[in-house]
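What follows is a set of notes on a single structure, which appears directly below.
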Amino acid sequence: SRDKILLNMLWKKLEIIPNLHIMASQHRDRLPIISFYIDNLDSYIGARLLNDKFAIQCKASRAAPGSYGYSLIKEGKPESQEDRLKSNQQHNPQLGWIRVSLHPVMMDEEIQFIADSIIQLANRHRAWIQYYLPDQSRNYKSQASINLDYQAQEAITMMFARSFVQ
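Printed below as a string of structure tokens:
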């Protein structure tokens, strides 16, 4: 089916990237969805970069590292409940992943573009991250969007100030 063809195209491009890890890679017969993580890249900023730089809509996820999560990310099962809690409290970007879903109506060129974009992300994320700052919601904002937020806040403040002065 078309699903399998598209999934295989993307998989072949991604599986050779040394710092990219496909979740549950032993299961190739699946829906056309790939979840992955990149070494030392927070999944939320990775998804944000794919969106901002390439307009690729994807989802970042983070889960408490239960037994299933540990098996998916190849870290082995924690030795005790205490180890699990300690690990959960520490920020570990590899406990999250980015999910990309494909659709049968996508063209081969779109899959190639997605693959090339993810490859660029894997290779360049350290340089790109410097333009982003974390905010309280565990999201990331680019410096440009922070500047726009500030400008919008100033404009609203000025508008209210004028309405009270008159």
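Read in order, the letters of the sequence shown correspond to residues 19 to 184 in my numbering. Cβ atoms here follow ideal geometry from the backbone N, Cα and C, with glycine treated the same way.
8 Å Cβ shell around residue i - same chain, five flanking residues per side excluded
{"i": "P122", "result": "S19, R20, D21, L24 and P50"}
Cutoff 6 Å; reference residue i; Cβ partners in own chain excluding five residues on either side
{"i": "I129", "result": "L24, M27 and L28"}
{"i": "A140", "result": "I35, N37, L38 and I56"}
{"i": "R254", "result": "Absent from the model: residue 254. The displayed extent of the chain is 19 to 184, so no value can be given."}
Under 8 Å between C-beta atoms of residue i and residue j
{"i": "I137", "j": "A65", "result": "no"}
{"i": "C76", "j": "L67", "result": "no"}
{"i": "I40", "j": "F54", "result": "yes"}
Boundaries (first-last residue) of the beta strand (DSSP E) holding residue i
{"i": "Y55", "result": "I51 to I56"}
Rounded distance between the beta-carbons of residue j and residue i, thought under 8 Å
{"i": "I52", "j": "S135", "result": "Not quite, the Cβ-Cβ distance comes to about 13 Å (not below 8 Å), so this is no contact."}
Neighbourhood of residue i by C-beta, 7 Å cutoff - its chain only, sequence neighbours within 5 removed
{"i": "I132", "result": "L28, I74 and V118"}
Residues bridged to residue i (per DSSP)
{"i": "H39", "result": "Y55"}
{"i": "G114", "result": "R80"}
{"i": "S19", "result": "Note: S19 sits in no beta bridge, so no partner."}
Delimiting residues of the alpha helix (DSSP H) encompassing residue i
{"i": "H143", "result": "D126 to I147"}
{"i": "D70", "result": "S61 to F72"}
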